[in-house]
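In our numbering, the protein residues as written are -6 to 324.
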């Protein structure tokens, strides 16, 4: 064998400029993009809810000279939130830290891993709280052979019978008529987004101005087509299998969509389909209710450090008539 060999001139070692970790793009999570985040001081508290019916009633009367004006008023009630704390940690011992290669930045890798898992948890809770049936004042369920504009429209990936423009316009009108507010958010799961991008009715609208194919259809373009301010695409995925088992991956948001009005920012006398209450008073760092800490754990071995991440929040529907849920809108 010719000398020297490959093993004689090179000893395998970890690269310092390359490592592989599956970290999802933060833009794929939807919680912060749909409803305003309300920073709160206490874990539980109350907020006022005014009667919509009282504000929309036509009660003004013609007034004769030297007579009293017609009387009016409104009813008010309170609703409570209760922030829940979600946390996750990893302990790093001094032996692991001392033996780690330069390419393994233990604290950075651990923090990113913990935060990804908390973001997954938060988006899954978002889906459970907002993207399911019996939450909003109207559920629209996709159906084979359904009627566009009805509560059971044809699937959006049915290129022949599906009519997303009629469906969305119909329920935009319904929300506006019943609340006085025009929906400004369209939340699409990845399957629903893909169905719209290739739908003939969508492509037909750009064929004279852009390349008529799916790659030319962007979220901002769909927002303009459907007359909403923002089209939010839910792309985050998660693994439902236990550690040591073969991974089982799926999108956090199923084949659904949500049309809703979301306040630009929280405030007094400001309606919104939903709010997320971030317990800023607990974490003390930001209005998202997020905190990352390093905690000495010397009783587990001198120099052991716990990297811990936590979130404290509550998600609530505060205006159910400001949203319409499209359930299983893609087959």
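Backbone N, C-alpha and C fix where the C-beta goes; we use that ideal spot for every residue, glycine too. Please read all numbers here as calculations on a predicted model, not as lab measurements.
Residue i classed as buried or exposed, judged by whether at least 16 other C-beta atoms fall within 10 angstroms
i	result
residue 149	buried
residue 157	buried
residue 184	buried
residue 164	buried
residue 313	exposed
residue 77	exposed
residue 294	exposed
residue 176	buried
residue 135	buried
residue 261	exposed
DSSP state of residue i mapped onto helix, strand, coil
i	result
residue 106	helix
residue 114	helix
residue 303	strand
residue 251	strand
residue 232	strand
residue 244	strand
residue 147	strand
residue 178	strand
residue 0	Caution applies to residue 0, whose pLDDT of 48 falls short of 50 and renders its modelled position unreliable; the value that the coordinates give is listed next. If DSSP states are grouped into helix, strand and coil, residue 0 belongs with the helices.
residue 191	coil
residue 8	Below a pLDDT of 50, predicted positions are generally treated as unreliable, and residue 8, at 37, falls in that range; the measurement from the model is reported next regardless. Of the three classes helix, strand and coil, the one that applies to residue 8 here is coil, per DSSP.
residue 220	coil
residue 167	helix
Rounded distance between the beta-carbons of residue j and residue i, thought under 8 Å
i	j	result
residue 271	residue 30	5 Å
residue 168	residue 317	6 Å
residue 309	residue 267	6 Å
6 Å Cβ shell around residue i - same chain, five flanking residues per side excluded
i	result
residue 68	44, 47
residue 54	63
residue 226	181, 186, 212
residue 22	112, 116, 229
residue 126	132, 320
Cβ shell of residue i (< 8 Å), same chain only, five flanking positions each side left out
i	result
residue 138	147, 154
residue 195	157, 189, 210, 215, 218
residue 199	205, 209, 210, 214
Cutoff 7 Å; reference residue i; Cβ partners in own chain excluding five residues on either side
i	result
residue 111	79, 81, 302, 304
residue 219	161, 179
is_contact[residue i, chain C] using C-beta, thresh 7 Å
i	result
residue 53	In the structure shown, chain C does not exist; there is a single protein chain.
Given 8 Å, three or more beta-carbon pairs between the segment 75 to 86 and the segment 292 to 304:
yes
Could you check whether the segment 31 to 43 touches the segment 122 to 138, counting it as contact only if at least three pairs of C-beta atoms, one from each stretch, sit closer than 8 Å?
no
Count the C-beta pairs between the segment 239 to 248 and the segment 110 to 126 that are closer than 8 Å, then say yes if the count reaches three, no if not.
A contact exists between the segment 239 to 248 and the segment 110 to 126.
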